[in-house]
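Undergrad:
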Amino acid sequence: MVASEEISLEEQQAVLEKFDQESNTRNVTGFAKGFIKWYAIAMAVFHVYTSFFGLWATIRQRAMHLLFVMPLCYLMYPAKKGGARNNPSLLDWVFAALSFVCCGYIVVNYDAIFLRGGLPNQMDIIMGCLCALLVLEAVRRVVGTQLLIIAVIFLGYAYFGRYMPGILRHRGASIARMVDHMYMAPEGIFSTALGTSATFIVLFVIFAAFLQKSGMADLIRDLAMALAGGSVGGPAKVSVVTSAAFGTISGSAAANVVTTGAFTIPLMKSTGYEPEFAGAVEAVSSTGGQLMPPIMGSAAFIMADYLGIPYVTIIKAAIIPVLLYYLSIFVSVHYRAKKLGLKGVSRENLPNAWEVFKERGHLLVPFVVVVFLLMNRYTPIFAGCAGIISCILSAALKKETRMGIRDIIDSLENGAKGCVSVAISCASVGLVIGVCTMTGLSTILGNYILEFSQGNLLLTLFLVMFLAIIMGMGLPTVAVYILLVSVAVPVVASLDVPMLAAHFYVFYFGLMANVTPPVAIPAYAAAGLAGASPSKTGWVAFRLALGAFLIPYLFMYNNSILMIDSSIPEIIYSAISPIIGVYSLNLGLEGFKDFPIPLWQRVLLVAGALALIVPGIVTDLIGLLIVAFVIFNQKRLGKKVIA
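If you're matching positions, the sequence shown starts at 106 in the numbering used here and goes up one per residue.
#1: For residue 592, which of 550, 178, 556 has the nearest alpha-carbon?
#2: Look at residue 422 and residue 605 and say whether their C-beta atoms are less than 8 Å apart.
#3: On the CB-based measure, 16 or more other CB atoms within 10 Å of its CB, does residue 166 come out buried or exposed?
#4: So for residue 291, helix, strand or coil by DSSP?
#5: Which whole-angstrom value describes the C-beta separation of residue 392 and residue 627, a residue pair presumed to lie in contact below a C-beta threshold of 8 Å?
#6: Under the assumption that residue 750 contacts residue 596 (Cβ atoms under 8 Å), give the Cβ distance between them as a whole number of angstroms.
#7: Residues bridged to residue 462 by DSSP?
#8: State yes or no: is the C-beta of residue 345 within less than 8 Å of the C-beta of residue 442?
#9: Helix, strand or coil for residue 697, going by three-state DSSP, please let me know.
#10: By the 10 Å Cβ neighbour count, where 16 or more other Cβ atoms means buried, how is residue 243 classified, buried or exposed?
#11: Do the CB positions of residue 536 and residue 294 come within less than 8 Å of each other?
#12: So what's residue 223 in DSSP terms, helix, strand or just coil?
#13: Nearest-angstrom Cα distance between residue 193 and residue 328?
#14: Within its chain, find whatever has a CB closer than 7 Å to the CB of residue 380; leave out the 5 residues flanking it on each side and keep chain order.
#15: Among 474, 586, 511, 453, which one has its Cα closest to the Cα of residue 403?
#16: Would you grab the beta carbon distance between residue 685 and residue 728 for me? Rounded to a whole angstrom, and I think it's under 8 Å.
#17: Could you check where the alpha helix (DSSP H) with residue 648 kicks off and where it finishes?
#18: Name the two residues that bound the continuous alpha helix (DSSP H) containing residue 472.
#19: Does DSSP put residue 467 in a helix, in a strand, or in coil?
#20: Just the C-alpha distance for residue 131 and residue 525, rounded to the nearest angstrom, thanks.
#21: In angstroms with no decimal places, state the Cα-to-Cα distance between residue 141 and residue 529.
#22: Inspect the beta-carbon positions of residue 618 and residue 656 and report whether they are closer than 8 Å.
#23: Apart from the five residues on each side of it in sequence, which residues of its chain come closer than 7 Å, Cβ to Cβ, to residue 439?
#24: Please state if the CB of residue 630 and the CB of residue 362 are separated by a distance shorter than 8 Å.
#25: With a threshold of 7 Å, establish whether the CB of residue 166 neighbours any heavy atom of the ligand FMN.
#26: In angstroms, rounded to a whole number, what distance separates the CA positions of residue 538 and residue 601?
#27: Mind checking which residues open and close the alpha helix (DSSP H) that includes residue 582?
#28: How big is the Cα-Cα spacing for residue 119 and residue 164?
#29: What does the alpha-carbon distance come out to for the pair residue 740 and residue 720?
#30: For the 8 Å Cβ check, are there 3 or more pairs between the stretch 195-213 and the stretch 254-261?
#31: From which residue to which residue does the alpha helix (DSSP H) around residue 395 run?
#32: If you follow the alpha helix (DSSP H) that residue 191 is part of, which residue opens it and which one closes it?
#33: Spatial neighbours of residue 108 within its chain, please: C-beta separation below 8 Å, excluding the five flanking residues on both sides.
#34: Whole angstroms is fine: what's the gap from residue 625's alpha carbon to residue 366's?
#35: Whole-angstrom Cβ separation of residue 531 and residue 299, contact assumed at under 8 Å?
#36: Determine the direct distance from the alpha carbon of residue 318 to that of residue 515, and round the result to whole angstroms.
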């Protein structure tokens, strides 16, 4: 293979623990290790079983999901980053037991709570307060203090509303009312967000664990190497392809960076890319993985649930934006390689694509099965179950990939553990959503934004983008998206924008917070692997993603890009000018095609890109003429050199 050494598992784990709060788990031993293992397996079995044979009543299913997740959180995550790294303390066991009890209370007393009809008794209030406190502590451990602070502020607003000034004032909510809304109803902690985690997300996280255990990551990497490794800037293109493919099943940009970057970052550096650029390519590519169909991380399932539309509609909406996103990165890495005179990996060091496909191509069958079922309007639950079964069966076709009982058990365990951070995020953000629905705060905040923007769509979109990026810094994509659904989506949708476009807009920019300094966790993780400056890597990643920042504005003004109520000719036409626009923008930013591009022509290219992104025949023609002029000038320079 290639002459670069893959970063060791120990180094990968160290980077994750340093930059990714969700990966800061204990290295347990003894009884605790066995308990966590089998408790996680029980969680996975429960969810697979109920998916096959019927889900429980709404709030009972969600409470059971949290009953598994919360104890795992307290046993897996230390109370502080520098705390005990081996086994849970006595207090951790107490918190795990209390979380089991307060969630089990809902499961056992579901019928009685339903009959009480919003009139909690003393035990309900005790259990509800305890559950909320335990959720807040859990999110502090798993996600960090940012989301904890947001949730506490919102809860404080709900209780002390009578003391708030002006338009923010409301009558205030009693503890009993808050418990009823946040704990005893399918709002608050047990909201739609947690419901999606308890049904769709958990299944696809388990499915992803089976895919990884079967060797899917190696197949993706080797195919990417075979197809792109030998081209100009090949290692960077391999990073783009592998991160995009792996990111769709990982659901975490930082984890994606470390998993794929352990191989691609040393490879990029070995062929001449600067460490900061190598890290930036990996960070931006890994971030976009959650836009990549068919699984799209986790937030897309929540989007489908909120909108009440088939999941396949979300997949279709993502296709053109994600192609534009990765085209933007491809153009940058290609012309950066040409500018630096970098070559690809030599052919003798590359795997043969056909041999790779013959050896492990059968592992793609589960993807095909899931996509086929989703496209034919089967439910995500059915598709997820079928994906798990097809993964086991397809892996069994060859001895090298066959999964034994131990592999299946490990996949169930890893899948359940992988769902902990998502579920805790959903439960804690549910508290924020509960406050918004109880007090009408989302309407108040929305009115403030609309008043400031005077109903101007472009200014409103800019303000929402700013809000999404600020709220998204350091938070998981799922948490950011759910927060913005309550605060930002109604604002955008009020300006005669389709609801799918509004949801996709905030989802997209919540994701882009991952590559926006000063807090760009995936970029910092990539810098740790590259041995580069985290700050420089973050800013290079931001610059590399500039083209991608324009894509949401594009589909907000031209809904055909999201395939909303559009014919195939309309979709094709609407995609052509953005493709040229993204190419033009990144060409202008890199300043090199076949030869260096003068500064004034680079400015023209950026202006042409903006013209192509704005819908309209006149603007499209202006943009095309500018791009054609620069390319013609490059050809003219080439002829002079040859002469």
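Heads up, the beta-carbon is just placed ideally off N, CA and C, and yes, glycines get one too.
This structure is a prediction, so every number in the text was calculated from the model and none was measured.
TA: Result, derived from the coordinates:
#1: 550
#2: yes
#3: buried
#4: coil
#5: 6 Å
#6: Any question about residue 750 goes unanswered here, given that the chain covers just 106 to 748.
#7: Residue 462 pairs with nothing; no bridge assigned.
#8: no
#9: strand
#10: buried
#11: yes
#12: coil
#13: 42 Å
#14: 374, 635, 636, 637
#15: 586
#16: 7 Å
#17: 639-649
#18: 470-480
#19: helix
#20: 14 Å
#21: 17 Å
#22: no
#23: 337, 338
#24: yes
#25: No copy of the ligand FMN occurs in the structure displayed, which carries no ligand at all.
#26: 23 Å
#27: 582-592
#28: 38 Å
#29: 29 Å
#30: no
#31: Residue 395 -> no alpha helix (DSSP H), and no H or E assigned at all.
#32: From DSSP, residue 191 is part of no alpha helix (DSSP H); its letter is neither H nor E.
#33: With a pLDDT of 47 at residue 108, under the threshold of 50, the modelled position of that residue is not reliable, and the figure given next carries that caveat. Excluding residues within five positions, the ones whose Cβ falls inside 8 Å are 375, 454.
#34: 16 Å
#35: 4 Å
#36: 8 Å
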